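A short worksheet on the structure shown next.
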(Lines of atoms letter the chains of each structure in order from A and count residues from 1; the text may use other names and numbers.)
(Lines give C-alpha, C1' and ligand atoms only; values in the text may rest on other atoms or scores of the structure.)
Protein backbone atom coordinates (compact mmCIF):
# COMPACT_ATOMS: atom_id res chain seq x y z
CA UNK A 1 0.00 0.00 0.00
CA UNK A 2 2.77 2.39 0.98
CA UNK A 3 4.78 1.51 -2.13
CA UNK A 4 1.77 2.22 -4.34
CA UNK A 5 1.22 5.58 -2.59
CA UNK A 6 4.89 6.52 -3.02
CA UNK A 7 4.79 5.56 -6.71
CA UNK A 8 1.69 7.72 -7.17
CA UNK A 9 3.45 10.69 -5.57
CA UNK A 10 6.49 10.19 -7.80
CA UNK A 11 4.28 10.15 -10.90
CA UNK A 12 2.41 13.30 -9.81
CA UNK A 13 5.67 15.10 -9.03
CA UNK A 14 7.07 13.99 -12.36
CA UNK A 15 4.13 15.61 -14.12
CA UNK A 16 3.86 18.78 -12.05
CA UNK A 17 7.56 19.63 -11.80
CA UNK A 18 8.11 20.17 -15.57
CA UNK A 19 4.94 22.30 -15.66
CA UNK A 20 6.26 24.55 -12.90
CA UNK A 21 9.67 24.79 -14.60
CA UNK A 22 8.10 25.80 -17.91
CA UNK A 23 5.86 28.36 -16.16
CA UNK A 24 8.71 30.03 -14.28
CA UNK A 25 10.88 30.14 -17.42
CA UNK A 26 8.03 31.74 -19.35
CA UNK A 27 7.38 34.25 -16.53
CA UNK A 28 11.07 35.20 -16.36
CA UNK A 29 11.30 35.73 -20.12
CA UNK A 30 8.11 37.83 -20.33
CA UNK A 31 9.09 39.95 -17.32
CA UNK A 32 12.50 40.58 -18.84
CA UNK A 33 10.93 41.50 -22.19
CA UNK A 34 8.52 43.90 -20.48
CA UNK A 35 11.31 45.68 -18.63
CA UNK A 36 13.45 45.96 -21.76
CA UNK A 37 10.62 47.27 -23.92
CA UNK A 38 9.00 49.72 -21.53
CA UNK A 39 11.94 51.21 -19.71
CA UNK A 40 12.37 54.90 -20.42
CA UNK A 41 15.81 56.27 -19.60
CA UNK A 42 16.45 59.49 -17.73
CA UNK A 43 18.50 62.08 -19.61
CA UNK A 44 21.90 62.47 -17.97
CA UNK A 45 23.02 66.02 -17.19
CA UNK A 46 25.21 67.80 -14.67
CA UNK A 47 28.34 66.43 -12.99
CA UNK A 48 28.01 62.88 -14.31
CA UNK A 49 27.86 64.16 -17.89
CA UNK A 50 30.85 66.46 -17.38
CA UNK A 51 32.89 63.61 -15.85
CA UNK A 52 32.03 61.41 -18.84
CA UNK A 53 33.14 64.14 -21.26
CA UNK A 54 36.51 64.38 -19.53
CA UNK A 55 36.86 60.60 -19.75
CA UNK A 56 35.78 60.59 -23.44
CA UNK A 57 32.91 58.29 -22.50
CA UNK A 58 29.70 58.35 -24.54
CA UNK A 59 26.94 57.86 -21.99
CA UNK A 60 23.84 57.85 -24.15
CA UNK A 61 22.53 57.61 -27.69
CA UNK A 62 19.13 57.93 -29.36
CA UNK A 63 16.36 55.38 -29.66
CA UNK A 64 13.07 55.69 -31.58
CA UNK A 65 10.32 53.71 -33.28
CA UNK A 66 8.50 54.79 -36.47
CA UNK A 67 6.91 58.16 -37.38
CA UNK A 68 3.32 58.67 -36.22
CA UNK A 69 0.70 60.44 -38.31
CA UNK A 70 -0.51 63.80 -36.99
CA UNK A 71 -4.28 64.08 -36.61
CA UNK A 72 -5.92 66.57 -39.05
CA UNK A 73 -2.65 66.89 -40.98
CA UNK A 74 -0.56 65.17 -43.64
CA UNK A 75 2.47 65.47 -41.37
CA UNK A 76 4.18 62.86 -39.23
CA UNK A 77 6.08 63.16 -35.97
CA UNK A 78 8.78 60.99 -34.42
CA UNK A 79 9.37 61.11 -30.63
CA UNK A 80 13.01 60.47 -29.74
CA UNK A 81 14.13 58.89 -26.47
CA UNK A 82 17.59 58.20 -25.11
CA UNK A 83 19.29 54.90 -24.34
CA UNK A 84 22.20 54.42 -21.99
CA UNK A 85 25.10 52.50 -23.53
CA UNK A 86 26.29 49.34 -21.78
CA UNK A 87 29.67 50.88 -21.03
CA UNK A 88 27.92 53.92 -19.61
CA UNK A 89 25.63 51.71 -17.55
CA UNK A 90 28.66 50.13 -15.89
CA UNK A 91 30.00 53.61 -15.25
CA UNK A 92 26.69 54.69 -13.74
CA UNK A 93 26.52 51.61 -11.53
CA UNK A 94 29.95 52.43 -10.19
CA UNK A 95 29.01 55.98 -9.19
CA UNK A 96 25.32 55.58 -8.37
CA UNK A 97 23.98 54.76 -4.95
CA UNK A 98 22.43 51.35 -4.33
CA UNK A 99 18.76 51.07 -5.22
CA UNK A 100 18.77 54.09 -7.53
CA UNK A 101 15.88 53.45 -9.95
CA UNK A 102 14.88 55.67 -12.83
CA UNK A 103 11.50 57.29 -12.10
CA UNK A 104 10.69 56.94 -15.81
CA UNK A 105 11.14 53.17 -15.87
CA UNK A 106 7.55 52.69 -17.05
CA UNK A 107 6.69 56.12 -18.48
CA UNK A 108 7.60 58.42 -21.34
CA UNK A 109 10.69 60.58 -21.20
CA UNK A 110 11.37 61.89 -24.70
CA UNK A 111 14.37 63.97 -25.63
CA UNK A 112 13.02 65.72 -28.74
CA UNK A 113 10.51 65.37 -31.59
CA UNK A 114 11.18 65.44 -35.35
CA UNK A 115 8.45 66.40 -37.83
CA UNK A 116 8.07 65.17 -41.44
CA UNK A 117 5.83 66.03 -44.37
CA UNK A 118 3.70 63.44 -46.18
CA UNK A 119 6.75 62.26 -48.14
CA UNK A 120 8.83 61.86 -44.95
CA UNK A 121 10.98 64.87 -45.69
CA UNK A 122 12.19 66.54 -42.50
CA UNK A 123 10.35 69.83 -41.92
CA UNK A 124 11.73 70.60 -38.48
CA UNK A 125 12.31 69.59 -34.89
CA UNK A 126 10.49 70.71 -31.77
CA UNK A 127 13.41 71.77 -29.55
CA UNK A 128 16.91 73.16 -30.05
CA UNK A 129 18.24 72.21 -26.61
CA UNK A 130 18.19 69.33 -24.15
CA UNK A 131 14.88 68.68 -22.39
CA UNK A 132 12.58 66.07 -20.91
CA UNK A 133 9.22 65.61 -22.67
CA UNK A 134 6.88 63.43 -20.62
CA UNK A 135 3.73 63.88 -22.70
CA UNK A 136 2.75 64.58 -26.31
CA UNK A 137 -0.98 65.06 -26.84
CA UNK A 138 -3.14 65.81 -29.89
CA UNK A 139 -6.88 66.18 -29.34
CA UNK A 140 -9.17 63.90 -31.36
CA UNK A 141 -12.74 64.95 -32.06
CA UNK A 142 -15.09 67.86 -31.43
CA UNK A 143 -14.62 68.98 -27.83
CA UNK A 144 -14.64 65.41 -26.58
CA UNK A 145 -12.89 64.32 -23.42
CA UNK A 146 -9.21 63.94 -24.21
CA UNK A 147 -9.16 60.12 -23.96
CA UNK A 148 -12.31 59.54 -26.05
CA UNK A 149 -11.35 58.57 -29.61
CA UNK A 150 -14.83 57.57 -30.86
CA UNK A 151 -15.26 60.59 -33.15
CA UNK A 152 -15.14 59.34 -36.74
CA UNK A 153 -15.20 62.59 -38.72
CA UNK A 154 -11.90 64.46 -38.66
CA UNK A 155 -12.15 67.57 -36.50
CA UNK A 156 -10.77 70.41 -38.61
CA UNK A 157 -10.58 72.70 -35.57
CA UNK A 158 -7.64 70.70 -34.18
CA UNK A 159 -4.62 72.91 -34.88
CA UNK A 160 -2.23 72.28 -32.00
CA UNK A 161 -0.12 69.70 -30.20
CA UNK A 162 0.34 69.92 -26.42
CA UNK A 163 3.48 68.86 -24.56
CA UNK A 164 4.71 68.56 -20.99
CA UNK A 165 8.33 69.79 -21.12
CA UNK A 166 11.05 70.32 -18.52
CA UNK A 167 14.28 72.09 -19.42
CA UNK A 168 15.97 72.26 -16.01
CA UNK A 169 17.27 69.62 -13.61
CA UNK A 170 15.18 71.24 -10.88
CA UNK A 171 15.88 68.63 -8.19
CA UNK A 172 19.63 68.62 -8.98
CA UNK A 173 19.96 64.84 -9.18
CA UNK A 174 21.95 64.90 -12.43
CA UNK A 175 19.03 63.65 -14.54
CA UNK A 176 16.26 65.19 -16.61
CA UNK A 177 13.11 63.16 -15.99
CA UNK A 178 9.57 63.26 -14.65
CA UNK A 179 10.76 64.21 -11.15
CA UNK A 180 11.84 67.62 -12.45
CA UNK A 181 9.49 70.56 -12.94
CA UNK A 182 7.57 70.43 -16.23
CA UNK A 183 5.40 73.08 -17.86
CA UNK A 184 2.68 72.85 -20.49
CA UNK A 185 3.52 73.97 -24.04
CA UNK A 186 1.67 74.01 -27.37
CA UNK A 187 2.86 74.07 -30.98
CA UNK A 188 1.31 74.03 -34.43
CA UNK A 189 0.72 70.64 -36.06
CA UNK A 190 4.12 70.87 -37.79
CA UNK A 191 5.96 71.47 -34.50
CA UNK A 192 6.51 75.16 -35.20
CA UNK A 193 5.46 78.18 -33.12
CA UNK A 194 6.13 76.51 -29.76
CA UNK A 195 4.55 78.55 -26.93
CA UNK A 196 4.71 78.14 -23.17
CA UNK A 197 1.24 77.77 -21.63
CA UNK A 198 2.00 77.48 -17.90
CA UNK A 199 4.80 78.62 -15.63
CA UNK A 200 5.54 77.92 -11.95
CA UNK A 201 2.49 75.68 -11.53
CA UNK A 202 2.11 71.90 -11.52
CA UNK A 203 -0.44 70.82 -14.14
CA UNK A 204 -2.65 67.95 -12.98
CA UNK A 205 -4.61 67.54 -16.22
CA UNK A 206 -6.02 69.56 -19.09
CA UNK A 207 -8.38 69.36 -22.07
CA UNK A 208 -8.97 71.33 -25.26
CA UNK A 209 -12.40 73.02 -25.29
CA UNK A 210 -14.48 75.46 -27.38
CA UNK A 211 -13.54 74.03 -30.78
CA UNK A 212 -9.95 73.58 -29.60
CA UNK A 213 -9.46 77.32 -29.21
CA UNK A 214 -8.87 77.11 -25.45
CA UNK A 215 -7.33 74.73 -22.92
CA UNK A 216 -9.02 74.10 -19.57
CA UNK A 217 -6.30 73.36 -16.99
CA UNK A 218 -6.47 71.87 -13.51
CA UNK A 219 -3.36 72.62 -11.44
CA UNK A 220 -1.68 73.22 -8.09
CA UNK A 221 0.76 75.97 -7.15
CA UNK A 222 4.41 74.94 -7.34
CA UNK A 223 5.81 75.46 -3.84
CA UNK A 224 7.49 73.69 -0.92
CA UNK A 225 4.17 73.19 0.85
CA UNK A 226 3.20 69.55 1.29
CA UNK A 227 1.08 68.43 -1.64
CA UNK A 228 -2.00 67.53 0.41
CA UNK A 229 -2.21 71.10 1.69
CA UNK A 230 -2.22 72.65 -1.77
CA UNK A 231 -5.56 73.65 -3.26
CA UNK A 232 -6.55 72.38 -6.68
CA UNK A 233 -7.07 75.39 -8.93
CA UNK A 234 -8.37 75.97 -12.45
CA UNK A 235 -7.26 78.05 -15.40
CA UNK A 236 -8.19 78.80 -19.00
CA UNK A 237 -5.62 79.34 -21.75
CA UNK A 238 -6.54 81.03 -25.03
CA UNK A 239 -4.38 79.47 -27.74
CA UNK A 240 -4.59 82.38 -30.19
CA UNK A 241 -3.90 85.20 -27.73
CA UNK A 242 -1.53 83.20 -25.54
CA UNK A 243 -3.26 84.50 -22.39
CA UNK A 244 -3.64 82.28 -19.31
CA UNK A 245 -6.46 83.24 -16.94
CA UNK A 246 -6.86 81.74 -13.48
CA UNK A 247 -10.53 81.02 -12.75
CA UNK A 248 -10.66 82.67 -9.33
CA UNK A 249 -14.46 82.81 -9.17
CA UNK A 250 -14.63 79.03 -9.36
CA UNK A 251 -11.91 78.70 -6.71
CA UNK A 252 -13.69 81.15 -4.38
CA UNK A 253 -16.90 79.14 -4.55
CA UNK A 254 -15.03 75.93 -3.72
CA UNK A 255 -13.35 77.60 -0.73
CA UNK A 256 -16.74 78.89 0.42
CA UNK A 257 -18.14 75.36 0.34
CA UNK A 258 -15.07 73.97 2.11
CA UNK A 259 -15.55 76.37 5.04
CA UNK A 260 -18.81 74.60 5.85
CA UNK A 261 -16.75 71.57 6.88
CA UNK A 262 -15.53 73.32 10.04
CA UNK A 263 -18.85 74.88 11.04
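In our numbering, the protein residues as written are 2 to 264.
Note that beta-carbon positions come from the ideal geometry of N, C-alpha and C, so glycine has one too.
Predicted model only: the values in this text are computed from it and were never measured.
The segment 172 to 179 and the segment 188 to 198 do not touch, with fewer than three beta-carbon pairs separated by less than 8 Å. Taking one beta carbon from each stretch, the segment 124 to 140 and the segment 156 to 168 have 3 or more pairs nearer than 8 Å; the two touch.
Residue 61 and residue 250 have their C-alpha atoms some 48 Å from each other. In the DSSP assignment, residue 246 falls within the unbroken beta strand (DSSP E) covering 244 to 247.
By the criterion of a C-beta distance shorter than 6 Å, residue 246 is surrounded in its chain by 237, once the five residues flanking it on both sides are discounted. When the beta-carbon positions are compared, residue 227 and residue 202 stay at least 8 Å from each other.
Taken through DSSP and simplified to helix, strand or coil, residue 257 comes out as helix.
CA-CA distance, residue 156 to residue 260, rounds to 43 Å. According to the DSSP assignment, residue 187 belongs to the beta strand (DSSP E) that extends over 184 to 189. Beta bridge pairing from DSSP links residue 235 with 219. For residue 200, the closest of 188, 190, 221, 211 by C-alpha to C-alpha distance is 221. Assignment of residue 136 by DSSP, reduced to helix, strand and coil, places it in the strand class. Residue 199 is bridged by DSSP to nothing; it lacks a bridge partner. With contacts defined by Cβ atoms closer than 8 Å, residue 187 and residue 211 do not form a contacting pair. For residue 79, the uninterrupted beta strand (DSSP E) segment begins and ends at 77 to 85.
Rounded to whole angstroms, the Cβ separation of residue 78 and residue 114 is 5 Å, and the two are in contact under 8 Å. The distance from the Cβ of residue 218 to that of residue 185 is about 7 Å, consistent with a contact at the 8 Å cut-off.
With contacts defined by Cβ atoms closer than 8 Å, residue 74 and residue 111 do not form a contacting pair. According to the DSSP secondary-structure assignment, residue 206 is paired through a beta bridge with 219. Counting every other CB atom within 10 Å of its CB across the protein chains shown gives residue 85 a total of 16 or more, marking it as buried.
Setting aside the 5 residues that flank it on each side, residue 117 is surrounded in the same chain by 68, 76, 77, 78, 79, 123, 124, each with a C-beta closer than 8 Å to its C-beta; the list follows chain order. If you ignore the 5 residues before and after residue 216, its C-beta comes within less than 8 Å of the C-beta of 163, 185, 187, 198, 207, 208, 209, 210, 237, 238, 240, all in its own chain and listed in chain order. Between residue 234 and residue 252, the beta carbon gap of about 6 Å places them in contact (Cβ cut-off 8 Å).
In this structure residue 159 is buried. Its beta-carbon is surrounded by 16 or more other beta-carbon atoms within 10 angstroms. Closest in alpha carbon position to residue 121, among 70, 243, 256, 154, is 70. Distances from the alpha-carbon of residue 130 to those of 119, 169, 213, 180 put 169 closest.
Exposed is the label assigned to residue 256, since fewer than 16 other Cβ atoms lie within 10 Å of its Cβ.
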